[in-house]
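In our numbering, the protein residues as written are 221 to 1086.
Take a look at the structure set out below.
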RNA sequence: GGGCGAUUAGCUCAGCGGGAGAGCGCUGCCUUCACACGGCAGAGGUCACUGGUUCGAUCCCAGUAUCGCCCA
C-alpha cells in the first residue's frame, strides 16, 4: 500500500466493480423490505454543480446504508428533458450555423434535439458516476421517454375529463425572449428602483383631472378605465364620470372597485385589463374592454396608435416625454418595486392576456395538505411544513402550456369545421361532426408537468408493474428548498390524485451550497460555481462528499470552503494510513465481513468495543433522524481521536504481549477497523471499499456488507484514570519542555490496586516509568496529578524549576476557587435546593466536594513548595 | 408590506435550559518503528443588544439592530 492515499485511480476502479457486480440493484437483497428514492432528475442539458453534489451525496448516504441494512434499496436515476433549457441550447447551436428552429421546421428540430441528447445527454450521468452515486442504472428514466410520455398523456386526458384542466384567456407571464408563457413560480421578482409617474387624466366635461400613479406608463395605451376604492371620500363624486385618456383621446370611465389599494399613489389607478392581473379582475367585474397594446416581442401593437412597433421600454420614455409636453405629467418620484424576470434568461417578463391551458389546482390541494398535516408525509426539518402549507393555501391555477417545440405536445385537437376540442389518449382522425380537418394544439406542456409524475411514472404507471407495486410509494425524497413549490408540492398533488397515496413518506430538505466569498447560490447560470468535477480531480470524490455533508446542518445553507475539502482529504489520508498500519504492521487481515468479535477481549479491547457500540448506536439514531452532518461528525472524531489514536497507540504495546492477549487485540483491531469502514462507507464509499479490500477476507464487497451490529461490551473503569493521568503527564512534559527521552519516574497512589495493564499503558503512552507507591511525605518536590480517584506524583528534582511549577499550581488553584465560589452560591440558594431537579442538586454537591478536595490538596502542595 | 432564518473563537460553522464545541488558522515542542496530509500540548469567546420567564438562559419569550432568503 502507498504511504499516501491516491483517490484518482481507486475511484475509477471501484465504480466499475460495483456497477458490474449488480450492487446498485435492489435485487442484491432479494428478500429485503423495499426502500426507494427517486432522484430529482437533473436537466439533461446540465452539468453537475456543487448543489447536485450535496443532494446526491445525501441520497447516496441514505441508500447505501439501507442497502447494507438489508433492504431492497432502489435509488432510481434519470434526467429531465427540461423544455426551455434544452431548446435554448440547441437553438444556440443552430444560431452558430446561421439558422433558426423555424428554418428546420418542428419535426426536424425535434429530431435535432434528440441527436443532441444522444451525443451530450450523458454528461451529467457520467459525472454522477464520478461522484459515486449508487443509482440503479438499469432503471434509468427520462421524462420524455416513451413510458413517461404515456403517463403524461394519461394524466392530461384524465384531468381534462375531470374538468381539472381547461383552456382560457388569462393574464399570464410572458417571456419575450423565450417566446413562451411561464408559470408564476418561473418568475423571479427583484426590487428595482424605478419611477412612480403621476399622470393627469382630464374629465371629459372639463371639470379638472384625476391623477393616477403608475410605474408602467406605456400600458396607459391599453387603459379602459380608472378605478378608485368605493369608500374613498376623495373620489366619491368622480365615480361614474368619464375621462379622456391622454395621447389616444379615448373616453374611459371612473369605476369603483374594492380591489384598489387606497394608500398607493393617489388612490386612483389606471386600469389596463390586458396587461395586469389585478386590472384584469377589475375589468372582469366592470365589463371593461381588454386592449392588448404590447405584443409577444414586447413591442407596442397597432392599438398603441403612434407608438406602434416601439419597444416597451423606449415607449415608456417616449410617452413620459409626450405627457410632459402635454402638461399632463404631474410628478415623477423614485420608487422601489418588484419587477418580474424570467427564471431562465433574466428577461423582464410581460404580463399578457393570452389563450393558454391551465390546471385547476384547488381540488388537488386539500389531499396534498392533508398528507402533510396528518403525518403521512413528514418534512425534515419540520419547519418547512408551515412554509409548504402556507404556499398551498394561496395557489392560483397553473398555466401549463408552453410555446415551445421540445416537450410533451398537448394532446388536444381542434376541429376547424365545428370548433370542437378533442382530448384523447389516441390521436383522433375525425371529429364527431364528420370533419377530418383536425389541428393539434401547437403547444407543449410545462416541464414540471412531467416531473410532477416522476415518483410513479418512473416505476411504470399507468401500468400495474412489479416495480410500482414494490417501490411505490417511495420512502424518502431529498431536495433543496428552492423547488418545494415547483416540484415537491406538485408531486404530492399529482401522486395523491392518481395513485391515492402520497408519493413519499419523508422529505429531506437541504439548503443551497453557497460561495463563501459572495454568499451567492452556486449555480451554473450565476457563473460562480466551483466545478465539482475539478474538485473531485483535485481532492477526490470522497473528500468533496464528506466536506459537503459535514457542513450541511439540517435545513441551512452550506458554505463551501476549499479548506474544508482539504481537511476531508487529509482525513482520508489518515484513515488510509491507519488501516495500512493495521494491515501491514499489526498484521491484521482476512477480517470476516461480519461478526468476529473477540470472545475474551482484553481490557483495552473491551473499552474500544464498548465505545464502538455506543458510537454505532448514536450514529444510527442520528442517521434515522436525518442528522447526517452530526452523525458523521461524531464518527469522524471517534475514528480519529479514539480508534486510530488512543486505541491504536495502546495496541502497539500489546503487540509485544503474550499470544492470547495479542490475538484478542488483533481480532479487536480487525473488527473495529472494519466497522469504522462500514459506518463511514455511505459517505466516503471509495476509500472505505479500497481499504476493505486490503483488510477483509475477500468474500464480500463493502457496498453490500452488513451494517454493524456491535455486541455489548463492558468498558473497564480504569480507562478514565488512565487517560487522565496520561494526559496529565503529557501536559506536565509539554509545560516544562521536558524531552520524551528524559527519564520520568511516576509514583501512583490509589485506594484500589490498579491492574498491570494500566501501568504498562501509562509507560507506553508517555515514556514515563510509573510504579505503585505511597504518597510522598512531604509532597514537596513533586508535582501532583489526579484523575478519577487516582493520584500520581512526579519528582521535580532536576526536571523543572520550582517557580514555573508554583505558577502552574497557583493558576489551577485560582480556577478551583472560582468554581467553589460558584457552586456555593448555587447551593446556598434555598430556591435552588427546592426547585431544581434532585439529580442536578446532587451533581452540584458532588462537584463542590470534589473541587474542595482537589483545592485542599493543591493548597498543601503549594505551601510545601515554599 | 407579509413570512422564514441567521447573529457563538481570527475564519467557516455546530450546539440550544444546569460550567462553551469542531474544522481551518495561530503559538510551543516532537523528524518516537502508519500518517509532518502527522503527534503532543497551548492561546483565543460579556454566545449581537435590551428587557422578561426561571432556582438557573448562549439556549425559552418579547422587543431592538444588522444581514440573508422566500412571498406580495
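Positions of the beta carbon are idealized from the N, C-alpha and C atoms, including for glycine.
Residue i bridges to which residues according to DSSP?
i, result
"residue 577", "387"
"residue 244", "None; residue 244 has no bridge partner."
"residue 557", "412"
"residue 401", "394"
"residue 295", "257"
"residue 269", "BP columns for residue 269 are empty, so no partner."
"residue 916", "811"
"residue 776", "Paired residues: none, contrary to the question."
"residue 1006", "1011"
"residue 423", "463"
"residue 361", "298"
When we look at the beta-carbon of residue i and count the other beta-carbons within 10 Å, is it buried (16 or more) or exposed?
i, result
"residue 393", "buried"
"residue 981", "buried"
"residue 760", "buried"
"residue 300", "buried"
"residue 380", "buried"
"residue 1006", "buried"
"residue 738", "In this prediction, residue 738 has a pLDDT of 44, which is less than 50 and means its spatial position is unreliable; what the coordinates show is noted afterwards. Label assigned to residue 738: exposed."
"residue 714", "buried"
"residue 783", "exposed"
"residue 752", "buried"
"residue 462", "exposed"
"residue 937", "exposed"
"residue 680", "buried"
"residue 250", "exposed"
"residue 406", "buried"
"residue 286", "buried"
"residue 898", "buried"
"residue 1087", "The question about residue 1087 has no answer here: the residues shown for the chain are numbered 221 through 1086."
"residue 546", "exposed"
"residue 747", "Confidence at residue 747 is low in this model, with a pLDDT of 45, below 50, so its placement is unreliable and the value that follows should be read with caution. With fewer than 16 other Cβ atoms within 10 Å, it is exposed."
"residue 561", "buried"
"residue 593", "exposed"
What would DSSP say about residue i, mapped onto helix, strand or coil?
i, result
"residue 410", "strand"
"residue 471", "strand"
"residue 539", "helix"
"residue 1080", "helix"
"residue 644", "coil"
"residue 544", "helix"
"residue 700", "strand"
"residue 572", "strand"
"residue 235", "helix"
"residue 817", "coil"
"residue 625", "coil"
"residue 515", "coil"
"residue 380", "helix"
"residue 980", "helix"
"residue 1032", "helix"
"residue 763", "helix"
"residue 956", "coil"
"residue 695", "strand"
"residue 228", "helix"
Is there at least one non-hydrogen atom of the ligand MG closer than 7 Å to the beta-carbon of residue i?
i, result
"residue 661", "Absence of the ligand MG is noted for the structure shown, with no ligands found whatsoever."
**Complete alpha helix (DSSP H) runs within the region 647-682 (minimum length 4 residues, chain order)** = Runs of the alpha helix (DSSP H) spanning 4 or more residues and lying entirely within the region 647-682 occur at 667-671 and 674-677, in chain order.
**Message:** When you compare the region 810-822 with the region 884-895, are there three or more beta-carbon pairs, one atom per stretch, that lie closer than 8 Å?
**Reply:** Result yes; three or more Cβ-Cβ pairs closer than 8 Å.
**Message:** Count Cβ pairs between the region 347-359 and the region 243-261 that sit closer than 8 Å; are there 3 or more?
**Reply:** Contact between the region 347-359 and the region 243-261 is present, because at least three Cβ pairs lie under 8 Å.
**Message:** Could you tell me which whole alpha helix (DSSP H) segments of length 4 or greater appear in the region 779-814?
**Reply:** For secondary structure counted as the alpha helix (DSSP H) over 4 or more consecutive residues, the region 779-814 holds these complete runs in sequence order: 782-804.
**Prompt:** With contact counted as at least three CB pairs below 8 Å, one residue from each stretch, are the region 1008-1026 and the region 949-961 in contact?
**Reply:** The region 1008-1026 makes contact with the region 949-961, as at least three CB pairs between them are under 8 Å.
**Request:** May I ask you to verify whether the region 439-455 touches the region 478-492, counting CB pairs closer than 8 Å and requiring at least 3?
**Result:** Short answer: they touch.
**Asked** Taking contact to mean at least 3 C-beta pairs separated by less than 8 Å, is the region 489-504 in contact with the region 429-449?
**Response** A contact between stretches requires three or more CB pairs, one per stretch, nearer than 8 Å, and the region 489-504 meets this requirement with the region 429-449.
**Message:** As an exercise, report each continuous alpha helix (DSSP H) stretch of at least 4 residues that is fully enclosed by the region 836-861, in chain order.
**Reply:** Taking only runs of at least 4 residues, the alpha helix (DSSP H) segments lying wholly in the region 836-861 are 848-857.
**Prompt:** Going along the chain, which unbroken runs of the beta strand (DSSP E) with 3 or more residues stay wholly within the region 437-487?
**Reply:** Positions of the beta strand (DSSP E) runs, each at least 3 residues long and wholly inside the region 437-487, are given as 445-448, 462-465 and 470-476 in order along the chain.
**Asked** When the Cβ atoms of the region 369-389 are set against those of the region 283-298, are three or more pairs found closer than 8 Å?
**Response** Output reads no: the region 283-298 does not touch the region 369-389.
**Prompt:** Between the region 299-319 and the region 262-272, do at least 3 Cβ pairs fall closer than 8 Å?
**Reply:** Put simply, the region 299-319 touches the region 262-272. At least three CB pairs are less than 8 Å apart.
**Prompt:** For the region 650-658 against the region 602-612, are there 3 or more C-beta pairs whose distance is under 8 Å?
**Reply:** Pairwise C-beta distances place the region 650-658 out of contact with the region 602-612, as fewer than three of them are shorter than 8 Å.
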